[in-house]
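Q: The structure is given below, and queries will be raised subsequently.
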Amino acid sequence: MPHAWNHDWHAFAQTQVREFGFASLTEFVRCYEACPYDQLAMMLGGKRLAAVQIQQLLRGEAQSDADREYYVRSTLVRALNKHVPAGIRSHEEWSLVLALTSWTEALDEADRPRSLELAKRLKADADLPADWLPSSIEDPVILRLFG
Numbered sequence: 000m001p002h003a004w005n006h007d008w009h010a011f012a013q014t015q016v017r018e019f020g021f022a023s024l025t026e027f028v029r030c031y032e033a034c035p036y037d038q039l040a041m042m043l044g045g046k047r048l049a050a051v052q053i054q055q056l057l058r059g060e061a062q063s064d065a066d067r068e069y070y071v072r073s074t075l076v077r078a079l080n081k082h083v084p085a086g087i088r089s090h091e092e093w094s095l096v097l098a099l100t101s102w103t104e105a106l107d108e109a110d111r112p113r114s115l116e117l118a119k120r121l122k123a124d125a126d127l128p129a130d131w132l133p134s135s136i137e138d139p140v141i142l143r144l145f146g
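According to numbering that gives the first Met the number 0, the sequence shown is numbered sequentially starting from 0.
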């Protein structure tokens with residue numbers, strides 16, 4: 000069985016997306032906004048896809064401003080759900096730092112200055128309940144943060 004990097008994973012991912020009944024990876028992931036990239040990779044291909052491959056393909060599909068903004072926001076939601084699954088303040092601080100760092104690093108260079116500022120604001124928001132975790136990009140905290 001091929002492993003994530005020793006086959007044509009671009010074509011494999013697109014085939015898997017179509018088998019799920021979607022025209023694009025973007026369309027597929029919009030149905031699973033809180034699902035971390037590693038879980039999306041498992042859903043689509045088991046060990047034949049890696050999380051970073053899903054990120055790369057999704058970022059590559061993001062041609063419009065709206066799709067790029069969706070990628071930025073949903074990647075934050077996915078990183079938080081992966082690294083602080085019990086809530087933003089229910090883990091050691093390093094887990095939140097890991098979530099925010101992995102989010103920032105997944106973005107294009109042009110988006111990083113803004114993401115660093117947003118990460119600082121989110122980390123400093125003392126009003127967030129310890130168990131807060133966004134379930135989508137439409138979460139009120141996410142909307143306010145990006146507002």
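Heads up, the beta-carbon is just placed ideally off N, CA and C, and yes, glycines get one too.
Note that the coordinates shown come from a computational prediction; the quantities given were computed from them, not determined experimentally.
1. Would you mind reading off the limits of the alpha helix (DSSP H) that contains Tyr36?
2. When we look at the beta-carbon of Ser101 and count the other beta-carbons within 10 Å, is it buried (16 or more) or exposed?
3. Can you round the beta-carbon distance between Leu95 and Lys122 to whole angstroms, since I take them to be within the 8 Å contact cut?
4. Does the region 57-66 come close enough to the region 10-27 to have 3 or more Cβ pairs within less than 8 Å?
5. Taking Phe145 as part of the alpha helix (DSSP H), name the residues at either end of that continuous run.
6. DSSP three-state label for Ser114, please.
7. Counting pairs of Cβ atoms below 8 Å between the region 105-116 and the region 124-131, do you hit three or more?
8. Out of Gln54, Ser73, Gly44 and Asp138, which one is the CA nearest neighbour of Tyr31?
A: Based on what the coordinates show:
1. If you number the sequence shown from 1, residue 36 lands on position 37. Residues Tyr36 to Gly44.
2. As a working note, residue 101 is residue 102 in the sequence shown. Burial state of Ser101 is buried, judged by a 10 Å Cβ sphere holding 16 or more other Cβ atoms.
3. The sequence position of residue 95 within the sequence shown is 96, counting from 1. The sequence position of residue 122 within the sequence shown is 123, counting from 1. Yes, Leu95 and Lys122 are in contact; Cβ-Cβ is about 6 Å, under 8 Å.
4. Flag = yes, the region 57-66 and the region 10-27 touch.
5. One-based indexing of the sequence shown puts residue 145 at position 146. In the DSSP assignment, Phe145 falls within the unbroken alpha helix (DSSP H) covering Pro139 to Phe145.
6. Here residue 114 is taken as the residue at index 115 of the sequence shown, counted from 1. Looking at Ser114 - three-state DSSP - the assignment turns out to be helix.
7. No: the two stretches stay apart, fewer than three of their Cβ pairs being nearer than 8 Å.
8. Walking along the sequence shown from the start, residue 31 turns up at place 32. From the listed residues Gln54, Ser73, Gly44 and Asp138, the smallest Cα separation to Tyr31 is found for Ser73.
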